[in-house]
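Asker: Chains as they are written, first to last, in my numbering: chain A, 1 to 337; chain B, 1001 to 1407.
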Amino acid sequence: MSTSSGSPESWISSFCSLLGHEYFAEVSEDFIEDDFNLTGLQSQVTMYKEALEMILDVEPEDDEDDEDEEEEDEEDISGDGRDGLAGRHERRHHSRIASDLSVIESSAEMLYGLIHQRYICSRAGIQQMSEKYELSHFGVCPRTNCNQTRTLPVGLSDTPGEDTVKLFCPSCLDVYVPPNSRFQTVDGAFFGRTFGALFLLTFPDYDLTKSGGEQLANLTRTDESLNINGMWARNIAPGLGKGRVYEPKIYGFRVSELARSGPRMQWLRKKPEDITVLDEARHFAEEDGDSDDDDENMNMSGRPVARRRRPGNARVKRQGQNGSPMATEANGAESEL
Amino acid sequence: MLIGEAVYIGRNNGRSLPLALGPSSPQCAKVPHHRPSIQPQGQSKSAKDLANIPSKSRIAHESSALSSVISARCHVQRVRQPRPLSPKLLPSTLSRPVPHPASRRFRVLPERTPRQTNHPFDHRPLSARATNMAGMDDFVSDSDSDYTSYWRDWFISSRGNEYYCEIDEDYLTDRFNLTGLNTEVQYYQYALDLITDVFDLDCDDEMRETIEKSARHLYGLIHARYIVTTRGLAKMLEKYKKCDFGKCPRVMCHSHPLLPMGLSDVANQKAVKLYCARCEDIYNPKSTRHSAIDGAYFGTSFHNILFQVYPALVPPKTTERYVPRVYGFKVHAAAALVRWQNKERGEMRRRLRKMEVDSGFAKVDGEDDDEDEEEEDEEEEMMEDAMNHNPAAVVQYRGAGEVATLQ
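Structure below.
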């Protein structure tokens, strides 16, 4: 039967400890065993059943042909104590041909990746990823003006086989190629498009500037409790804005915008000095009055009139009351795919 | 071979030199020096300076004069004073086989140099080296000219120094180019001697370390000046085209090559950074061995001057960017910022159009608006789609299909 999830010998933990798989979280077996979480994956992965069994380290039960042999194997294992993972796999599948095994292995990786995409958007998964984030497992932003902000792994597509994993910097809201080439083999779909942004919405209280020097933290402390567009004002692209846009200079003189080689991309790193400019809903309300129905709806959805919030992690608690977030995640991912 | 060259110079009065002698010579020959009129004076002055240094042995004088003559190999149309060559040299060089020109640069130290080190810092005075060479006087200058640019060759090819280009001997020996550097570098003269491969001071290891360190520092400071000259720019451009400085990590820049730059022109302030001309932003070097290089060795102006000099190399700009999404919906906070930034861009483009300056964006004007409309359609579609499939979403819709967290 399955080994315990904490065992270092499980397929999942050995997969996550492979070189280049440092970004992966270990999906809990409870999550995989819930069929609901796997909705729709059967059609995407070849030899789905075998792959799933491999991930869960379960002996194939329905294979009637080699049932007896499997039982023997189990006895063997219990007799030997704990063998290496590879050895056990080999013995378990010894009736299958080698190529078959490699197909299963690769589809197990694919299946794990797709489950992982859903898992890291679930409550338990995103929590696990936040622990990895705090330990800087995903590296830091290469942009100089981001001051080594920690990044998050994201995909640019939810369909496997399209692009490799990228790093999303919450400080400049841009994506970067991981510095190490070993991540060039990791599929971006195993992390998905949603994770990066969802992480920021799930943990709004993360101080994104924490790793980036004390200066900035002091600067932004003044508007700490200002909440704009559903995010803390200090957490809206802290790496952008005045003083963090590169200004090309020649011998101390700024290069003119009118020059052929003058700056053209500064908009990409700009941010309004007064962040409340971005509070479009409020500006709209101020212009058109409050009589509008739509406007009231917006009010309910957290019209951010620069108000104070209760201290504590109120948002996370509220999310907990909203039923299982997993349900949404699975559905959402399906609609994407 | 070098002696062969020197002889050649002597014969032609240094007026025209064979182009195919060094690997870099054809390219160098095309580019005129930035101050050709001042050069010859500076050259002769520097030779005089060298002659005044008391610690130099006679051999060193000869070799320095010789090496500066040799360095002229890549410049055409430069009038030079014919240098007095040792009469002994002529017969010996005539009898020596001339190696293939291309092989010279990559040759290891001559085998007859008794103490092989992994860099050309010879630990013994020149006179000692000379006596070891089987008493062949006529080989002394020869071995020294083999040393030409050895220190620089070694320095540039050593690990972590991939960003540097090789400074021409000419540039180094022109004192005008080094104005003011003597106050910045400890043991300035020795360091310069080491860089130009005429170093012959007998001193202890500690002192050598210090001088070696000074030499690296001095090389960096000269490098910052050199790379903004016409020839320096051309050299760095070659390296840029070969992606020697790495590629932009930003996904939307699609591996555009980078350029090294500093955030300060003063040494020991900021490490080197990498500039991407496509997104016009600066990044930290990937590897730690590069992030230890002083940014002042490249300067704050170099990369901008490069694009001023070669405006055709300015890459086309795109409005392509990453937009954070949750299940296909833009995140409101980020999307509002994107809208604001797009407005800024629109204003900039309008300003430029008013001044009739090319904005450099790949797309034609007016396409911007269409694009926005398309985007909005797409958004609406997506929203409907998600509404149908995903009624239990934790998110709420606001504006044009964005999400904000519940309050």
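In this text, a Cβ means the ideal position worked out from N, Cα and C, and glycines have one as well.
1. What is the rounded straight-line gap between the Cα of G239 (chain A) and the Cα of M1207 (chain B)?
2. Looking at C-beta atoms only, is the number of pairs between the region 1233-1249 of chain B and the region 1269-1287 of chain B that lie closer than 8 Å three or more?
3. Let me know the secondary structure DSSP gives D1174 (chain B) once reduced to three states.
4. Could you give the first and the last residue of the continuous beta strand (DSSP E) run that contains V175 (chain A)?
5. Kindly confirm or deny that the region 1296-1304 of chain B and the region 1228-1236 of chain B touch, where touching means at least three C-beta pairs closer than 8 Å.
6. Scan the region 106-166 of chain A and note each continuous beta strand (DSSP E) run of 3 residues or more that stays entirely inside, going in chain order.
7. Residues of chain B with a CB under 7 Å from the CB of Y133 (chain A): which are they?
8. Among the residues of its own chain, which have a CB less than 8 Å from the CB of S1291 (chain B), if the five just before and after it don't count?
9. For the alpha helix (DSSP H) containing K49 (chain A), name the first residue and the last one.
10. Exposed or buried, what is R1345 (chain B) when buried is set at 16 or more other beta-carbons lying within 10 Å of its beta-carbon?
11. Does the beta carbon of T144 (chain A) sit closer than 8 Å to a beta carbon anywhere in chain B?
12. Between the beta-carbon of R1325 (chain B) and the beta-carbon of A189 (chain A), is there less than 8 Å?
13. Anything in chain B within Cβ reach of R260 (chain A), meaning under 9 Å, just list it in chain order.
14. Does DSSP classify P1311 (chain B) as helix, strand or coil?
15. Does DSSP put N229 (chain A) in a helix, in a strand, or in coil?
16. Can a CB atom of chain B be found closer than 8 Å to the CB of E341 (chain A)?
17. Less than 8 Å between the C-beta atoms of R264 (chain A) and G1220 (chain B), yes or no?
18. Using a Cβ-Cβ cutoff of less than 7 Å, which residues in the same chain neighbour F339 (chain A) once the five nearest sequence positions on both sides are dropped?
19. Kindly examine the ligand HEM and report whether one of its heavy atoms sits closer than 7 Å to the Cβ of D279 (chain A).
20. Could one say the Cβ of D288 (chain A) lies closer than 8 Å to chain B's Cβ atoms, at least one of them?
21. S1214 (chain B) touches chain A at which residues, Cβ-Cβ below 7 Å?
22. Less than 8 Å between the C-beta atoms of Y246 (chain A) and D1281 (chain B), yes or no?
23. What does the alpha-carbon distance come out to for the pair F138 (chain A) and Q1308 (chain B)?
24. Would you mind working out which of A:L18, A:S17, A:T144 and A:I55 sits nearest F31 (chain A), comparing C-alpha positions?
25. Over the uninterrupted alpha helix (DSSP H) stretch that includes D1153 (chain B), give me the two end residues.
26. Please tell me whether N1304 (chain B) has its Cβ less than 8 Å away from any Cβ of chain A.
27. By the three-class DSSP mapping on this structure, what secondary structure does P1099 (chain B) have?
28. At which residues does the alpha helix (DSSP H) containing M1348 (chain B) begin and terminate?
29. Please state whether DSSP places A1047 (chain B) in a helix, a strand or coil.
30. Report, in whole angstroms, the separation of the C-beta atoms of S107 (chain A) and V186 (chain A), which I expect to be a contact under 8 Å.
31. Listed in chain order, which residues of the region 1266-1290 of chain B have Cβ atoms closer than 7 Å to some Cβ of chain A?
32. If you follow the beta strand (DSSP E) that Y1275 (chain B) is part of, which residue opens it and which one closes it?
33. At a Cβ threshold of 8 Å, is P238 (chain A) touching chain B?
34. Out of B:Q1269, B:Y1327 and B:D1358, point me to the one whose CA is closest to L156 (chain A)'s CA.
35. Would you tell me roughly how many angstroms separate the C-alpha atoms of Q128 (chain A) and A25 (chain A), rounded to the nearest one?
36. Should H116 (chain A) go down as buried or exposed, given a rule of 16 or more other Cβ atoms within 10 Å for buried?
Answerer: The short version:
1. Linking G239 (chain A) to M1207 (chain B) through their CA atoms gives a straight-line distance of about 45 Å.
2. Because the criterion of three Cβ pairs below 8 Å is met, the region 1233-1249 of chain B and the region 1269-1287 of chain B touch.
3. DSSP places D1174 (chain B) in coil when its eight states are reduced to three.
4. Run containing V175 (chain A): D174 to Y176, per the beta strand (DSSP E) assignment.
5. The region 1296-1304 of chain B, when compared against the region 1228-1236 of chain B, does touch it at the 8 Å Cβ threshold.
6. Note on the region 106-166 of chain A: whole beta strand (DSSP E) runs with a minimum of 3 residues are 152-154, in chain order.
7. When 7 Å is used as the limit between beta carbons, Y133 (chain A) is near no residue of chain B, the shortest such separation being about 16 Å.
8. So the qualifying residues of the chain are A1271, V1272, N1284 and P1285.
9. Counting along the chain, the alpha helix (DSSP H) containing K49 (chain A) begins and ends at Y48 to L56.
10. With 16 or more other Cβ atoms within 10 Å, it is buried.
11. T144 (chain A) counts as touching chain B.
12. When the beta-carbon positions are compared, R1325 (chain B) and A189 (chain A) stay at least 8 Å from each other.
13. Within chain B, the residues near R260 (chain A) are F1307, Q1308, P1311, V1314, V1357, D1358 and G1360.
14. In the three-state reduction of the DSSP assignment, P1311 (chain B) falls in the helix class, which pools H, G and I.
15. In the structure shown, the three-state DSSP call for N229 (chain A) is coil.
16. With chain A covering only 1 through 337, there is no way to say anything about residue 341 (chain A).
17. Not in contact: R264 (chain A) and G1220 (chain B) (Cβ atoms no closer than 8 Å).
18. Given a span of 1 to 337 for chain A in the structure shown, any question on residue 339 (chain A) remains unanswerable.
19. With respect to the ligand HEM, the structure offers nothing, as it holds no ligand at all.
20. Chain B, which has no Cβ nearer than 8 Å to the Cβ of D288 (chain A), makes this no.
21. Proximity of chain A to S1214 (chain B) at the Cβ level (cut-off 7 Å) is not reached, the minimal Cβ distance being about 26 Å.
22. The answer is yes: Cβ separation under 8 Å.
23. If you take the alpha carbons of F138 (chain A) and Q1308 (chain B), they lie about 38 Å apart.
24. For the residues A:L18, A:S17, A:T144 and A:I55, the minimum Cα distance to F31 (chain A) belongs to A:I55.
25. From DSSP, the alpha helix (DSSP H) with D1153 (chain B) extends over Y1150 to S1157.
26. Between N1304 (chain B) and chain A, the shortest Cβ-Cβ separation is below 8 Å.
27. Only weak support is given to the placement of P1099 (chain B): the predicted model assigns it a pLDDT of 37, under 50, and the value that follows is read from those uncertain coordinates. Residue state, collapsed to three classes: coil.
28. M1348 (chain B) -> alpha helix (DSSP H) spans H1332 to K1354.
29. Its pLDDT being 41, under 50, A1047 (chain B) is placed unreliably by the model, and nothing is read from it.
30. Cβ atoms of S107 (chain A) and V186 (chain A) stay farther apart than 8 Å, at about 16 Å.
31. Those residues of the region 1266-1290 of chain B that come within reach of chain A (Cβ to Cβ, closer than 7 Å) are K1273, C1279, E1280, D1281, I1282, Y1283, N1284 and K1286.
32. Run containing Y1275 (chain B): K1273 to C1276, per the beta strand (DSSP E) assignment.
33. Judged by the 8 Å Cβ criterion, P238 (chain A) is not in contact with chain B.
34. Considering only alpha carbons, the answer is B:Y1327.
35. When rounded, the distance between both Cα atoms is 7 Å.
36. Of the residues assessed, H116 (chain A) falls on the buried side of the cut-off, its CB having 16 or more other CB atoms within 10 angstroms.
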